[in-house]
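Q: Okay, handing you the structure first.
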Amino acid sequence: TQLLEQSPQFLSIQEGENLTVYCNSSSVFSSLQWYRQEPGEGPVLLVTVVTGGEVKKLKRLTFQFGDARKDSSLHITAAQPGDTGLYLCAGGQGTYKYIFGTGTRLKVLA
Amino acid sequence: GAVVSQHPSRVICKSGTSVKIECRSLDFQATTMFWYRQFPKQSLMLMATSNEGSKATYEQGVEKDKFLINHASLTLSTLTVTSAHPEDSSFYICSARDLWLAGATDTQYFGPGTRLTVL
Chain X
1 TQLLEQSPQF LSIQEGENLT VYCNSSSVFS SLQWYRQEPG EGPVLLVTVV
51 TGGEVKKLKR LTFQFGDARK DSSLHITAAQ PGDTGLYLCA GGQGTYKYIF
101 GTGTRLKVLA
Chain R
111 GAVVSQHPSR VICKSGTSVK IECRSLDFQA TTMFWYRQFP KQSLMLMATS
161 NEGSKATYEQ GVEKDKFLIN HASLTLSTLT VTSAHPEDSS FYICSARDLW
211 LAGATDTQYF GPGTRLTVL
């Protein structure tokens, strides 16, 4: 069974701080997605990365796909309270099925 | 952007009854829809993959007779929780894959979820 481990599991930081969330697996994925989920809602797609070593930036968020396509990271610069939420990575293996990571719950304090 | 809706958003039912949850892609066609289950403060667990016009593929450990899935059209998939029990209480989320955007990105769009409470 494929497993996507995210770390840290929980993170509470002050507004303005930087943070990095990691998503690691022993499996290779054809693509990897990052989502943010608010309580009581479905996940919202932030980014999809498909090429090993790929780096994508979305305003203050920087996403990187590992060279071997087994891991990924999400870096947030100058975190804001609006960044609070559950961050999920999800790996695709070409069967159009996604395996979700264990999740990182972020809380940004004003 | 692509929109996926779910109905109902919340449902409370008595133990032993069946509950049907609908997942619709509103502005695109989806040959494949996915059903997930999420427990409080946990990640999403894939239950099954629903393909239009064929039987759903269930993940290991998911009872197909308990969670009936029907994908009768390119815009609608339904999940029926049969003979529901309190342990079936959870947040059920569907997602749909856009037929015409198929490719390397395999983009899927998520519904807002359905909170099921079984008394």
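As they're listed, the protein sequences go chains X and R.
In this text, residue positions in the first sequence follow my numbering: the first is 1, and each later residue adds one.
In this text, residue positions in the second sequence follow my numbering: the first is 111, and each later residue adds one.
Positions of the beta carbon are idealized from the N, C-alpha and C atoms, including for glycine.
None of the values given here were measured: they were computed from a predicted structure.
If we ignore side chains and look at the alpha-carbon of each, how far apart do P196(R) and G53(X) end up?
A: 45 angstroms
Q: Quick one: using the 10 Å Cβ neighbour count with 16 as the cut-off for buried, is I118(X) buried or exposed?
A: Because residue 118(X) is not part of the residues shown, which for chain X are 1 to 110, the question remains open.
Q: I'd like to confirm the pairing. Which residues does DSSP put opposite R60(X) in its beta bridges?
A: None, per the DSSP bridge assignment.
Q: Just reading off the beta strand (DSSP E) that L88(X) is part of, what are its end residues?
A: Annotation: the continuous beta strand (DSSP E) that includes L88(X) extends over 85 to 92.
Q: Against chain X, which members of the segment 152 to 180 of chain R pass a CB distance test of less than 8 angstroms?
A: Q152, S153, L154, M155, L156, T159, Q170
Q: Classify Q37(X) as buried or exposed, calling it buried when 16 or more other Cβ atoms lie within 10 Å of its own Cβ.
A: buried
Q: Below 8 angstroms CB to CB, which residues in the same chain sit around D67(X) once its five sequence neighbours on both sides are set aside?
A: G52, G53
Q: Starting from G66(X), find everything on chain R with Cβ-Cβ shorter than 7 angstroms and list it in chain order.
A: Neighbours of G66(X) on chain R: none; closest Cβ ~17 angstroms, over 7 angstroms.
Q: Can you tell me which of F144(R), S183(R), S200(R), L184(R) puts its alpha carbon nearest to the alpha carbon of L191(R)?
A: The sequence shown places Val at residue 191(R), not Leu. Answer by Cα proximity: S200(R).
Q: If we ignore side chains and look at the alpha-carbon of each, how far apart do I122(R) and R69(X) end up?
A: 42 angstroms
Q: If I follow the unbroken beta strand (DSSP E) through V172(R), where does it start and stop?
A: Premise fails: V172(R) is in no beta strand (DSSP E) and is neither H nor E.
Q: What in chain R is Cβ-close to P43(X), meaning under 8 angstroms?
A: Proximity of chain R to P43(X) at the Cβ level (cut-off 8 angstroms) is accounted for by L154, I203, F220, in chain order.
Q: Which stretch, first to last residue, makes up the beta strand (DSSP E) that contains G161(R)?
A: According to the sequence shown, residue 161(R) is Asn rather than Gly. Segment 154 to 161, the beta strand (DSSP E) holding N161(R).
Q: 9 angstroms is my cut-off, CB to CB: does V114(R) come that close to chain X?
A: yes
Q: Would you mind listing the beta strand (DSSP E) stretches within the segment 16 to 83 of chain X that are 3+ residues and don't spill past its ends, in chain order?
A: 19 to 24, 31 to 37, 44 to 49, 55 to 58, 61 to 65, 71 to 76
Q: Within 9 angstroms of any Cβ in chain X, is that where the Cβ of F138(R) sits?
A: no
Q: Give me the chain R residues within the contact set of F100(X), using Cβ-Cβ distance strictly less than 8 angstroms, ordered along the chain.
A: Y146, S153, L154, M155, L156
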